[in-house]
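Trainee: Numbering (this note's numbering), first residue to last: 6 to 234.
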């Protein structure tokens, strides 16, 4: 009988230990928050006050909010012992019908082999994917990320509002009359009057029922809105 070929190298995997692989945000100490480029915000797909230790991590979370294949994510979500020191990954991501991802963001996407190789094999034994993402690839989509971070801020502030009827009204408007702009749906002169429609619109964008022109310019009343193809 041929020997079973494992999808990971046990020699490398044994260099990593963990008390648990349950994703849970590990909060930073006050001293670390001061030392790093710290950001925090309430998010939707990680519905807690989320911590990010660099601007790249923060923008990356905005892109995860925009990605409709992402079910949830946990910043600083996985902590393991790598040889003799603790290592906390930048983000844990769960996607639709895909293996869990453990992500690290680095300049130029470069991580030392002595760290990346053991981590890759350790997570592979559980069917997880370890991946290093370049900060630069995130910064290339900075406008899109900032727009989604703003949408998430708005949605968090309105989290207790009931917009079921407003969502139906917005969808009917766009399906019947075609693509429009944000300003066509929101009254800039009396924003309070159309506030429910505004929140409904952003919820529909976030859930993927509608699409917006969010990649090239800042979110404003000229932002295009349309149904998804």
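Glycine residues also receive a C-beta, built at the ideal position from the N, C-alpha and C atoms.
Just to confirm before moving on: does the CB-CB distance between residue 17 and residue 123 stay below 9 Å?
Mentor: yes
Trainee: Looking at residue 67 and residue 157, is the spacing between their C-beta atoms short of 9 Å?
Mentor: yes
Trainee: Could you give the distance in angstroms between the alpha-carbon of residue 76 and the alpha-carbon of residue 101?
Mentor: Cα to Cα, the separation comes out at about 6 Å.
Trainee: I need the DSSP call for residue 18, collapsed to helix, strand or coil.
Mentor: Reduced to three states, the DSSP call for residue 18 is helix.
Trainee: Under a Cβ-count criterion, where at least 16 other Cβ atoms within 10 Å of its own Cβ denotes burial, should residue 32 be classed as buried or exposed?
Mentor: exposed
Trainee: DSSP three-state label for residue 119, please.
Mentor: helix
Trainee: On the three-state DSSP scale, how would you describe residue 174?
Mentor: helix
Trainee: With three or more C-beta pairs closer than 8 Å as the rule, is the segment 118 to 132 touching the segment 140 to 155?
Mentor: no
Trainee: Whole-angstrom Cβ separation of residue 134 and residue 104, contact assumed at under 8 Å?
Mentor: Sure, about 5 Å apart at Cβ, within 8 Å.
Trainee: Does the Cβ of residue 95 have 16 or more other Cβ atoms within 10 Å, making it buried, or fewer, making it exposed?
Mentor: Residue 95 is buried by the Cβ-count criterion.
Trainee: Taking its Cβ as the centre, do 16 or more other Cβ atoms sit within 10 Å of residue 74, making it buried, or is it exposed?
Mentor: exposed
Trainee: Taking only runs of the alpha helix (DSSP H) that begin and end inside the segment 194 to 234, which ones reach a length of at least 4 residues, in chain order?
Mentor: 200 to 212
Trainee: With a CB to CB cut of under 6 Å and the five nearest residues on each side skipped, what residues in its chain are close to residue 218?
Mentor: Exclusion of the five residues before and after residue 218 leaves 228, 229 as the residues of its chain whose Cβ lies within less than 6 Å of its Cβ.
Trainee: Ignore the nearest five residues each way along the sequence and tell me which others in residue 208's own chain have a CB closer than 8 Å to its CB.
Mentor: 160, 168, 172
Trainee: Can you check which of these residues, 196, 38, 118, 99, is closest to residue 50 by C-alpha distance?
Mentor: 99
Trainee: My guess is that residue 116 and residue 137 are in contact by the Cβ rule of under 8 Å, so how many angstroms apart are they, rounded?
Mentor: 5 Å
Trainee: Mind checking which residues open and close the beta strand (DSSP E) that includes residue 77?
Mentor: 75 to 80
Trainee: Using 8 Å for Cβ pairs, my map puts residue 226 next to residue 199. What's the rounded Cβ distance?
Mentor: Actually they do not touch by this definition, with Cβ atoms about 11 Å apart.
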